[in-house]
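A.B. asks: One structure, as C-alpha cells, below. Some questions next.
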Amino acid sequence: MKLALALLVAAGLQGQERTLPQPRVVDPGGPAKPPSDAIMLFNGKDMSGWRTLTGGPGKCTVADGVMSCRTGAGDIISSQTFLDAQIHIEFAVPYMPDQHGQLRGNSGVYLQSCYEVQILDSYQNPTYADGSLGAVYGFSAPLVNAARRPDEWQSYDIIFRAPRCGADGKVAQPGSATILLNGVLVQDHTPIPKAGPGCRQKDICGPGPLRLQDHSGFKGAPDTTMRFRNIWLRRLGQ
Ligand code: MG
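For the sequence shown, position 27 (counting from the first letter as 1) is numbered 26 according to numbering that gives the first Met the number 0, and the numbering increases by one without interruption.
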C-alpha cells in the first residue's frame, strides 16, 4: 500500500514537472563575452553610455577595450538605469607603494549611484575593514580579503536587490547585495538598510545608474589612473 502511494505521489510530481514552463535560454558567453541577455554598459570603444554627474560626456580615455579614468575626470554614471540586477565589472588598480590605506588606488562601484562597493588596492594594504576591497562601504566588511596584486585585473560579480519604499517614500524593504570578488564570495546577501555615504540618488527606491568613483575629490588623495573593462548587467525580474 505504501509503495502504491509512493508511486502515485511520484507520478503526480512528474506530471507537475511537465507542466512547468521551460527556462529561457541564455548563451552564457565566456571570459570576455557577456551572457546573451546582458546589457553592455561599456562598449569597449568609446565613452558613449557614460556621462559626468553634471551631464557632460564622460572624460575617461578608451583604448584596446579598456576605459582609463585619471584623477580629475570626475565620477561617471551609466546611461542605463536599473533596479534589481546582476552586474559584472573588471578593474585594475594602480600600484602606488608610496601611499597607504585609503590613499592607494581607490575607486568604487556605486549601485544605483547610492551604495558603494569599494574598489581599493587591498593587497597587503590594511585599512578599516568596511572600507576595504569587497566592502559595501560603510555597511559591511568583506567576508575575506580576496584582493589580487595592484595592476592585475580583478572582477566583481554582484547580485543587487534594490530597496523598496512604502507610500511614505521611506525604505520598507531593505536592499541587499551578494558579491563575488575574483570569484570568491565576499558579501552574502548583505542587507542595505538605507542610503550609503556619497549617495547621489534622490529617490533611493527608484531606478538608478551605475556610478564609478573618482576618489580625487577627497582631501589629500593623490593622482590615480583606474582601469575598467567588460562592464555589463542583466536586469532581474523586470
Ligand atoms: Mg572608494
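Ideal Cβ placement from N, Cα and C applies to all residues, glycine included.
Given LYS193, which residues of its chain have a CB within under 7 Å of its CB, disregarding the five upstream and five downstream residues?
C.D. replies: Counting only Cβ-Cβ distances below 7 Å, and skipping sequence neighbours, we find VAL170.
A.B. asks: Within this structure, are the beta carbons of GLY197 and LEU102 separated by less than 8 Å?
C.D. replies: No, these two residues do not count as a Cβ contact at 8 Å.
A.B. asks: May I ask you to list the residues that DSSP assigns as paired with ASP156?
C.D. replies: ASP156 is bridged to HIS87 and LEU179.
A.B. asks: Return the first residue and the last residue of the beta strand (DSSP E) that VAL116 is part of.
C.D. replies: Counting along the chain, the beta strand (DSSP E) containing VAL116 begins and ends at 114-119.
A.B. asks: On a Cα-Cα basis, can you pick out the residue from GLY205, ASP97, ARG233 and THR60 that is closest to LEU156?
C.D. replies: Per the sequence shown, the amino acid found at residue 156 is Asp instead of Leu. Among GLY205, ASP97, ARG233 and THR60, the Cα nearest to that of ASP156 belongs to ARG233.
A.B. asks: Taking contact to mean at least 3 C-beta pairs separated by less than 8 Å, is the region 169-184 in contact with the region 89-98?
C.D. replies: Short answer: they don't touch.
A.B. asks: Count the other C-beta atoms from every protein chain shown that fall within 10 angstroms of the C-beta of GLN195, then say buried if there are 16 or more, exposed otherwise.
C.D. replies: Here residue 195 is Gly; the residue named in the question, Gln, does not match the sequence. Its Cβ being crowded by 16 or more others within 10 Å, GLY195 is buried.
A.B. asks: Comparing the CB of ASN124 with every heavy atom of ligand 1, is any distance shorter than 7 Å?
C.D. replies: Every heavy atom of ligand 1 is 7 Å or more from the Cβ of ASN124, so no.
A.B. asks: How would you write the range of the beta strand (DSSP E) that MET95 sits in, first residue to last?
C.D. replies: No beta strand (DSSP E) holds MET95; DSSP gives it neither H nor E.
A.B. asks: Where DSSP assigns a beta bridge to LYS44, which residues make up the other side?
C.D. replies: Answer is none; LYS44 lacks a bridge partner.
A.B. asks: Work out the CA separation of ALA84 and GLY54 for me, nearest whole Å.
C.D. replies: Cα to Cα, GLY54 sits roughly 23 Å from ALA84.
A.B. asks: Using three-state DSSP, classify ARG17 as helix, strand or coil.
C.D. replies: ARG17: helix per DSSP, three-state reduction.
A.B. asks: According to DSSP, simplified to helix, strand and coil, what is GLY54?
C.D. replies: Residue state, collapsed to three classes: coil.
A.B. asks: Specify the secondary structure class of GLN79 as computed by DSSP and reduced to three states.
C.D. replies: Of the three classes helix, strand and coil, the one that applies to GLN79 here is strand, per DSSP.
A.B. asks: With a cut-off of 8 Å on the beta carbons, I'd call GLU89 and ARG228 a contact; round off their distance for me.
C.D. replies: 5 Å between Cβ atoms; contact.
A.B. asks: Alpha carbon to alpha carbon, how far is ASP45 from ALA62? Give it in angstroms, no decimals.
C.D. replies: Going from the Cα of ALA62 to the Cα of ASP45 covers about 8 Å.
A.B. asks: Just to confirm, does ILE76 get its C-beta within under 7 Å of one of the non-hydrogen atoms of ligand 1?
C.D. replies: False, no ligand heavy atom lies under 7 Å from that Cβ.
A.B. asks: Counting beta carbon pairs with one atom in the region 65-81 and one in the region 127-142, are three or more of them shorter than 8 Å?
C.D. replies: Verdict: no, contact absent.
A.B. asks: Anything with a beta carbon under 7 Å from a heavy atom of ligand 1 counts; list them all in chain order.
C.D. replies: Checking every Cβ against the heavy atoms of ligand 1 under 7 Å gives ASN105, SER106, GLY107, GLU115, GLN117, ILE118, LEU119, TYR136, GLN212 and HIS214.
A.B. asks: Could you check if GLY130 is buried or exposed, using at least 16 other CB atoms within 10 Å of its CB as the buried criterion?
C.D. replies: That one is buried.
A.B. asks: From ARG147 to ASP187, what does the alpha carbon distance come to, in whole angstroms?
C.D. replies: About 20 Å.
A.B. asks: Whole angstroms is fine: what's the gap from PRO56's alpha carbon to PRO20's?
C.D. replies: If you take the alpha carbons of PRO56 and PRO20, they lie about 44 Å apart.
A.B. asks: Would you tell me roughly how many angstroms separate the C-alpha atoms of TYR122 and ARG17, rounded to the nearest one?
C.D. replies: Straight-line Cα distance between these residues: approximately 51 Å.
A.B. asks: Report the CB separation of CYS68 from THR224 in whole angstroms; it is logged as a contact under 8 Å.
C.D. replies: About 7 Å separates the two Cβ atoms, so the contact holds.
A.B. asks: Can you grab the Cα-Cα spacing for the pair HIS214 / SER106, in whole Å?
C.D. replies: Near 6 Å, if we compare the C-alpha coordinates of SER106 and HIS214.
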